[in-house]
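Peer 1: Can you read through this structure? Questions will come right after.
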Amino acid sequence: MIEEPNDSQKNSVGIVKAEYFTFDGLKLESGEKFGPVTLAYETYGVLDKKKSNAILVLHSLSGDAHAAGAHEGQDNPGWWDAMIGPGKAFDTDKYYVICSNVLGGCKGSTGPSSINPKTNKPYALDFPLISINDMASAQKRLVEHLGIEKLLSVVGGSMGGMQALSWLVRYPEKVRSAIPIATTARHSPQQIAFNEVGRQAIMADPDWRSGNYYGGASPDKGLAVARMIGHITYMSDTSMAEKFGRQKKDSAREFKFTADFEVEGYLRYRGDNFVKRFDANSYLYITKALDNFDISQGRQLADVLQGIKAKVLVIAFKSDWLYPLYQSKEILKACKLSGVEATYCAINSTYGHDAFLLEIDEETHLIGHFLKNLL
Amino acid sequence: MPNENIKPDHKIILQLINPHSSVLDLGCGTGELLHLLAQKKGARVQGIEIDEQAIYKCVAKGLTVTQGDIDSGLAEYNSKSFDYVILNQSLQQVRHVDSVLKDALRVGKKVIVGFPNFAYYKARWQMFFKGTAPVAGALPFQWYETPNLHFLSISDFANYCRVRKINVEQVICIGKDGRVWFFPNLFAQTGIFLISE
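Protein chains in written order, with the numbering used here: chain A, 474 to 848; chain F, 1474 to 1670.
Structure, rendered in structure tokens:
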């Protein structure tokens, strides 16, 4: 199918370390001033003398700054390790790749679980409502701090794609290209609905205690259920059938509603694992930011994109029913109408929304060539 | 790229297009023609192609392409936003010829249509003497595997343009060795029309 094989398994960026950038704060989209803000970030590759080879990689809902390589003493690779490294799509021999944890997150950046300097306690629900644009505003501060005037590209899947669109629309002069993957220009009612069920699960957990659970038991059950719902929407009917079938687990029945089927066990495992690494309040804040996202702010999308010189590569996946093709096509159409140079490809994948993390060969081909032709 | 490697229909289209024009190729395949137009004519090119694997080849050539079905229309393109819209070897494969052509004529100041001539003498020969569906010239497919939905001749398309009041600016008919001047509807394998609204 694709001519060039890629050695995604082999070429790692090696041992990496998170860094932290703290700044006074920023004016949120809501008008509120918020600070100080810390962003956790990692970088891979070397910034060239002209500072023209920087690519900002943007993570999805549950992602973090650790996109590639491994941390000292740990062997878990970054969430997009197959895409970032020497000879990979984001070739670290050529490009300087930056990934930061979003504002509102819980992996080193300021979020609801961070200490509020005014009270010396975690913010919890005193944390302000943030938006995708606020996440991008914070990233812009980081990029400026790194001395970069103009990014070669901003790229991300899902929520990362929304941040890429935010960069494209709000800072068009700061990016030479944008690669929104498996994403949308605005959250649909269905997407909002799934997120709302997740939030209700968290808030229904008695341990949530209006968000003030820090230092005590955390709402693990609620967060795990939210994650389970998420995982269902990230897969497809086909990928579930292929992965689990109607296979039953062989463990003995403890009670009537034990997880009998493989798929049940998988979801429970995913849910239970997630609570170890994610903060429930962050989940609430970030999903709200997703739901409020509408890059066109009620205007015509094509009007919002008018005059943008950056090139755009829109990638979607045929079996993605959470961010269906029509949403990517809408981005593409708006680009065409506004005269923005845009390429669009719908990759034939059965993985559902998760495909953006899994269809490495196809993405590598598209993104690799797209970036090469920008230089 | 030496001239000899350029396909005869591509050669004609290269000649038809003014340097530095904007071009939209509907059904651009692997982007061969667009690449030529960009390289040799300095054209600003874009393409639409339905096949995913072909899209990968286009992207590898550095082309701006959209994966899509030209049958579903060109709603996302503004009127007269391209100097040329090309339908080369693709019109006979679309379902809705009328609406695709209408949209192409709206979006492009001029439209170039290239198609296999069904009235090519070898095709006629096969039909008449062998009684089989033609596999000849620019019609290399067996009846059961052809992507073509419409079978038209150079005369058919000329008549069509007359009926639809489409302005025919130029007709170029070619065989495997270049232009055909003598009874083109009989001896040409491919017809290329430059048309406008």
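All C-beta atoms in this analysis are idealised placements derived from N, C-alpha and C, irrespective of residue type, glycine included.
Does DSSP put F:P1657 in a helix, a strand or coil?
Peer 2: DSSP places F:P1657 in helix when its eight states are reduced to three.
Peer 1: Contact check, A:L847 vs A:R614 under 8 Å by CB: the rounded distance?
Peer 2: Incorrect: roughly 24 Å between the Cβ atoms, too far for contact.
Peer 1: Could you check whether the stretch 642-657 of chain A touches the stretch 675-692 of chain A, counting it as contact only if at least three pairs of C-beta atoms, one from each stretch, sit closer than 8 Å?
Peer 2: No, they do not touch.
Peer 1: Between F:D1650, F:E1505, F:Q1599, F:A1631, which lies nearest to F:V1586 when the distance is taken from Cα to Cα?
Peer 2: Nearest C-alpha to F:V1586: F:A1631.
Peer 1: Report yes or no: is there a C-beta of chain F within less than 8 Å of the C-beta of A:C572?
Peer 2: It does not: the Cβ of A:C572 has no partner Cβ on chain F nearer than 8 Å.
Peer 1: Using a Cβ-Cβ cut-off of less than 9 Å, list which residues of the stretch 615-627 of chain A approach chain F; keep chain order.
Peer 2: Residues: none.
Peer 1: Could you tell me the alpha carbon to alpha carbon distance between A:K490 and A:E515, rounded to whole angstroms?
Peer 2: Whole-angstrom Cα-Cα distance: 7 Å.
Peer 1: Identify every residue that forms a DSSP beta bridge with F:R1652.
Peer 2: DSSP, once it has assigned bridges, lists F:I1647 as partnering F:R1652.
Peer 1: CB F:V1496 to CB F:Y1557, shorter than 8 Å?
Peer 2: Their beta carbons are under 8 Å apart, which means F:V1496 touches F:Y1557 by this criterion.
Peer 1: Please go through the stretch 605-650 of chain A and give each complete beta strand (DSSP E) segment of 3 or more residues, from N-terminal end onward.
Peer 2: Complete beta strand (DSSP E) runs here, min 3: 626-630.
Peer 1: If we ignore side chains and look at the alpha-carbon of each, how far apart do F:C1634 and F:D1571 end up?
Peer 2: Cα-Cα distance, rounded: 11 Å.
Peer 1: What does A:K806 reach in chain F if we use C-beta pairs closer than 8 Å?
Peer 2: Within chain F, the residues near A:K806 are A1548, E1549.
Peer 1: Output the boundary residues of the alpha helix (DSSP H) element that contains F:D1576.
Peer 2: Here the alpha helix (DSSP H) through F:D1576 covers 1570-1580.
Peer 1: Going by Cα to Cα distance, which pick from A:G780, A:G577, A:D745 is closest to A:T511?
Peer 2: Of the listed residues, the one whose Cα sits closest to A:T511 is A:G577.
Peer 1: Let me confirm a value: A:T816 is counted as buried when at least 16 other C-beta atoms fall within 10 Å, else exposed. Which label applies?
Peer 2: Answer is buried; the Cβ neighbour count reaches 16.
Peer 1: In terms of DSSP beta bridges, what is F:V1538 paired with?
Peer 2: According to DSSP, F:V1538 bridges with F:G1520.
Peer 1: Can you list the residues of chain F that A:A815 reaches, using a CB-CB cut of under 8 Å?
Peer 2: Within chain F, the residues near A:A815 are T1537, T1539.
Peer 1: Three or more C-beta pairs under 8 Å: does that hold for the stretch 1528-1536 of chain F against the stretch 1500-1507 of chain F?
Peer 2: These segments touch.
Peer 1: Would the stretch 778-797 of chain A count as touching the stretch 605-613 of chain A if we require 3 or more Cβ pairs under 8 Å?
Peer 2: Because the criterion of three Cβ pairs below 8 Å is not met, the stretch 778-797 of chain A and the stretch 605-613 of chain A do not touch.
Peer 1: How far does the alpha helix (DSSP H) with F:D1482 in it extend, from its first residue to its last?
Peer 2: Looking at the DSSP string, the run of the alpha helix (DSSP H) that includes F:D1482 is 1481-1489.
Peer 1: Roughly how many angstroms separate the alpha carbons of A:E669 and A:L757, rounded to a whole number?
Peer 2: If I take the Cα positions, the gap works out to 9 Å.
Peer 1: Using only alpha-carbon positions, find the residue among A:S573, A:Y569, A:L602, A:V570 that is nearest to A:P855.
Peer 2: The first residue shown for chain A is 474 and the last is 848, placing residue 855 of chain A beyond what the model contains.
Peer 1: Would you list, in sequence order, the uninterrupted alpha helix (DSSP H) runs of no fewer than 4 residues that lie entirely inside the stretch 766-809 of chain A?
Peer 2: For the stretch 766-809 of chain A, whole alpha helix (DSSP H) runs of length 4 or above, ordered along the chain, are 774-778.
Peer 1: Just to confirm, is the Cβ distance from F:T1537 to F:Q1519 under 8 Å?
Peer 2: Taking 8 Å as the Cβ cut-off, F:T1537 and F:Q1519 qualify as a contacting pair.
Peer 1: Within the 8 Å Cβ cut-off, does F:I1528 reach chain A?
Peer 2: Yes, contact with chain A.
Peer 1: Are three or more beta carbon pairs between the stretch 1613-1623 of chain F and the stretch 1633-1649 of chain F nearer than 8 Å?
Peer 2: Short answer: they don't touch.
Peer 1: Count the other C-beta atoms from every protein chain shown that fall within 10 angstroms of the C-beta of F:K1603, then say buried if there are 16 or more, exposed otherwise.
Peer 2: Answer is exposed; the Cβ neighbour count stays below 16.
Peer 1: Using DSSP with H/G/I as helix, E/B as strand and the rest coil, what is F:H1508?
Peer 2: Residue state, collapsed to three classes: helix.
Peer 1: Closer than 7 Å, Cβ to any Cβ of chain A: which residues of the stretch 1502-1536 of chain F, in chain order?
Peer 2: Residues E1525, Q1526, I1528, Y1529, V1532, A1533, G1535.
Peer 1: Straight-line CA distance for F:F1660 to F:D1542?
Peer 2: Cα to Cα, F:F1660 sits roughly 32 Å from F:D1542.
Peer 1: State the Cα-Cα distance for the pair A:E622 and A:K524, rounded to the nearest angstrom.
Peer 2: So the alpha carbons of these two residues sit roughly 8 Å apart.
Peer 1: Output, in chain order, the set of chain F residues within a Cβ distance shorter than 8 Å of A:L810.
Peer 2: Correct list: E1549, Y1550, N1551.
Peer 1: For the stretch 484-501 of chain A against the stretch 543-551 of chain A, do three or more pairs of beta-carbon atoms, one drawn from each stretch, fall closer than 8 Å, so that the two count as touching?
Peer 2: Taking 8 Å as the limit for Cβ pairs, the verdict is that the stretch 543-551 of chain A does touch the stretch 484-501 of chain A.
Peer 1: Helix, strand or coil: how does DSSP classify F:V1608 here?
Peer 2: F:V1608: coil per DSSP, three-state reduction.
Peer 1: Does the distance from the CB of A:K716 to the CB of A:D733 come in under 8 Å?
Peer 2: Not a contact, by the Cβ cut-off of 8 Å.
Peer 1: To be precise: take each residue of the stretch 818-831 of chain A, compare its Cβ to all Cβ atoms of chain F, and keep it if any distance is under 8 Å. Which residues remain?
Peer 2: Those residues of the stretch 818-831 of chain A that come within reach of chain F (Cβ to Cβ, closer than 8 Å) are C818, A819, I820, N821.
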